[in-house]
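Let me begin by presenting the structure, written as C-alpha cells, before commenting on it.
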Amino acid sequence: MKVIGIETSCDETGIALYDSVSGAMFQRLHSQIKLHAPFGGVVPELASRNHIQRTLPLLDELLSEAGGGKGQIDGIAYTAGPGLIGALLAGAAIARSLAWALNRPAIGIHHMEGHLLAPLLAAGDKPEFPFIALLASGGHTQLIQADRHGCYQMLGQTVDDAAGEAFDKIAKMLGLGYPGGPEVSRLAETGQPGRFKFPRPMVNRKGLDFSFSGLKTFVRNTIASQTEKAQTLDRQTIADICLEFETAVVDSLTIKCRRALRQCNTPRLVIAGGVSANRRLRQKLTEMALQEGGAAYFPPPDLCTDNGAMIAYAGYLRLASGARQGNEISARARWPLTELRPPRQPETEHL
Ligand code: KG4
Ligand code: ZN
C-alpha cells in the first residue's frame, strides 16, 4: 500500500510517501522559519497561505523522485489536528480534494499520534505495545500510557509551558534564534557545569504532571542579575545558563518518566516530539530505562520534529486496518489524544 502523508499543523509543510511493501519512505519538508522570523512568532494567516503554495509542488517533486505519478497512490493521510486551524484546513482541503479526484480514501490523523508512532519507523529495535510515551514538543508535554494502537490514557501533562516552548522562550531571552531547542542544546555543549543551579520543577510533588514556567522565571532572574553585573552576557555565561537549563529540563523529564514506568509496571518508554531530538535527553532516558530493566525508543533524528513521514505512516496503519472517514473537510485546533479509538471502530465521530 502506498500512502501519502501531508503535515501542515504549524510552520512546516511536510509531505511523504510511505510504501508498506518495500518499507521505503520518500519525504519533502519546507520550513517556514524564515517567513515568520521578522514577526517573532508564527503568523497563522501567513502559515496557511504558505502551506497552500507549497503542498502540491512538493508532492509533485516527491512523486517524481519516487517514480510514478498520482495514480500509484492508494490513500492520503493528513494532519487533522491539533494545531493552527487555518494551516490544518489548508492541508485537509488539499488532501480531501486529491482523494476525491483520485477516488482513493483520505484519513485525518492526530498530530500527536503521528509523533507517538514515529519511533516505529526507526531502523532496528521497535517498541511493542503496551508502552509509556513521553510526548514533548513546542505545544505539548504529556506522559501517555499507550495500551495499543489508538488506545491512549493520559498519565500527566504540563500545567503551563510545554518543554519545547520553554527552550524557545529561554533562547529568546538569551538573544538566540528560533527554534530554541537546537540552539540552546548546541551552546550547552560548551557550558561549564556547576556555575548556576536552577530548580528541577515539580519533582518533589506527587504525580506525573510537569511545569516549566517557574524554571523560566528563575532563568529570567538569573539573566537579569548577570546583566546587572556585566551589562552584556558573555558567550561563556550564555553557554553556562544553557547547560544548567537543559540539565534541569532533562532531569525533570527523566524523574517523571521513571515514576511512570514504575507506576504502570511497563518496561518500554517511547519518546517523541521535537524535544526528543535533544541529545542529553536521549542519553539520560536511555540510561534510566536500562536501570529500570527496560528500554527507551526514539524516532530517527530527522523524524523527531514535524514531518510528513509520521503522518503517512500513522495513516497507513489506520487505512490498512480498514478505517474510513466521510468526505467532509474538517479539522480541530484542539483535540485530546485520549479521544482516539483503535482503527477498526468508526472514525467520523472524532473530527
Ligand atoms: O514537534 P515539533 O517539531 O513541533 C510541535 O509539534 O510543536 O517540536 C518543536 C519543538 C520546538 O519547541 C523546538 O525548540 C523543540 O521542539 N526542539 C528541541 C530540540 N529540537 C527541537 N528542544 C530541545 N532540544 C532539541 N535538540
Ligand atoms: Zn509536532
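Going left to right, the sequence shown walks through residues 314 to 664 as the numbering used here numbers them.
Just so you know, even glycine gets a beta-carbon here, dropped at the ideal spot from N, CA and C.
So, at 8 angstroms on beta carbons, what are the nonlocal neighbours of residue 469 in its own chain, with the 5 sequence-adjacent residues on each side left out?
Excluding sequence neighbours, residue 469 sits near 455, 456, 520, 521, 522, 523, 569, 573.
My understanding is that residue 617 touches residue 590, with C-beta atoms under 8 angstroms, so please give their C-beta distance in whole angstroms.
The pair is a contact, with the Cβ atoms about 4 angstroms apart (cut-off 8 angstroms).
Could you work out which residue in 613, 586, 582 is closest to residue 598 when comparing CA atoms only?
Nearest option by C-alpha distance: 582.
Could you check if residue 321 is buried or exposed, using at least 16 other CB atoms within 10 Å of its CB as the buried criterion?
Buried, because 16 or more other Cβ atoms sit within 10 Å of the Cβ of residue 321.
For residue 450, count neighbouring Cβ atoms within 10 angstroms of its own Cβ and tell me buried if that reaches 16, exposed if not.
Burial call: buried.
Between which residues of its own chain and residue 577 is the CB-CB distance below 7 angstroms, once the five residues before and five after are set aside?
Hits under 7 angstroms: 445, 458.
State whether the segment 603-622 contacts the segment 424-443, with contact taken as three or more CB pairs (one from each stretch) at a distance under 8 angstroms.
Counting Cβ pairs under 8 angstroms, three or more are found: they touch.
Considering only residues of the same chain and omitting the five flanking positions on each side of residue 641, which have a CB-CB separation below 7 angstroms?
Closer than 7 angstroms at Cβ, skipping near neighbours: no residue.
In angstroms with no decimal places, state the Cα-to-Cα distance between residue 529 and residue 447.
Each residue's alpha carbon lies about 21 angstroms from the other.
Applying the 10 Å Cβ sphere with the 16-neighbour rule, what's the burial state of residue 538?
Exposed, by the Cβ-count rule.
Specify the secondary structure class of residue 576 as computed by DSSP and reduced to three states.
Reduced to three states, the DSSP call for residue 576 is helix.
For the ligand ZN, enumerate in chain order all residues having a CB closer than 5 angstroms to any of its heavy atoms.
Listed by chain position, these are 450, 619.
Residues in the same chain with beta-carbon distance under 6 angstroms from residue 474, minus the five sequence neighbours each way, listed in chain order, please.
Contacts found: 525, 526.
Counting pairs of Cβ atoms below 8 angstroms between the segment 369-388 and the segment 408-418, do you hit three or more?
These segments touch.
Starting from residue 444 and walking both ways along the beta strand (DSSP E), at which residues does that stretch end?
Residue 444 -> beta strand (DSSP E) spans 444-449.
State the CB to CB distance for the pair residue 370 and residue 399, rounded to an integer number of angstroms; the pair is presumed to be in contact (CB under 8 angstroms).
Contact doesn't hold; Cβ gap of about 20 angstroms is too wide.
Spatial neighbours of residue 344 within its chain, please: CB distance less than 6 angstroms, with the 5 preceding and 5 following residues excluded, ordered by chain position.
325.
At a threshold of 7 angstroms, does residue 502 count as lining the ligand KG4 (C-beta to nearest heavy atom)?
Not so, every heavy atom of the ligand KG4 lies at least 7 angstroms from the Cβ.
Just how far apart, CA to CA, sit residue 608 and residue 624?
Approximately 25 angstroms between the Cα atoms of the pair.
Reducing DSSP to helix, strand and coil, say where residue 315 ends up.
It is a strand residue.
Considering only heavy atoms of the ligand KG4, does any lie closer than 7 angstroms to the CB of residue 498?
Indeed, a heavy atom of the ligand KG4 lies less than 7 angstroms from the Cβ.
When we look at the beta-carbon of residue 518 and count the other beta-carbons within 10 Å, is it buried (16 or more) or exposed?
Residue 518 comes out exposed.
Quick check on the burial criterion: 16 or more other C-beta atoms within 10 angstroms. Buried or exposed for residue 567?
Residue 567 comes out buried.
Does DSSP put residue 666 in a helix, in a strand, or in coil?
Residue 666 cannot be examined here, being either before or after the span of the chain that is shown, 314 to 664.
Check whether the Cβ atoms of residue 375 and residue 328 sit closer than 8 angstroms, and answer yes or no.
It is a contact, given that the beta carbons lie within the stated cut-off.
Round the Cβ separation of residue 427 and residue 638 to the nearest angstrom and send it over; I've been treating them as touching at under 8 angstroms.
The Cβ separation is near 16 angstroms, so there is no contact.
In this structure, does DSSP put residue 320 in helix, strand or coil?
Correct three-state label for residue 320: strand.
Residue 472 and residue 558 look like a contact to me (Cβ under 8 angstroms); what is the Cβ gap, rounded to whole Å?
So it is not a contact: roughly 19 angstroms between Cβ atoms.
Closer than 7 angstroms: is that where the CB of residue 590 sits relative to any heavy atom of the ligand KG4?
Yes.
So, are the CB atoms of residue 622 and residue 338 less than 8 angstroms apart?
Yes.
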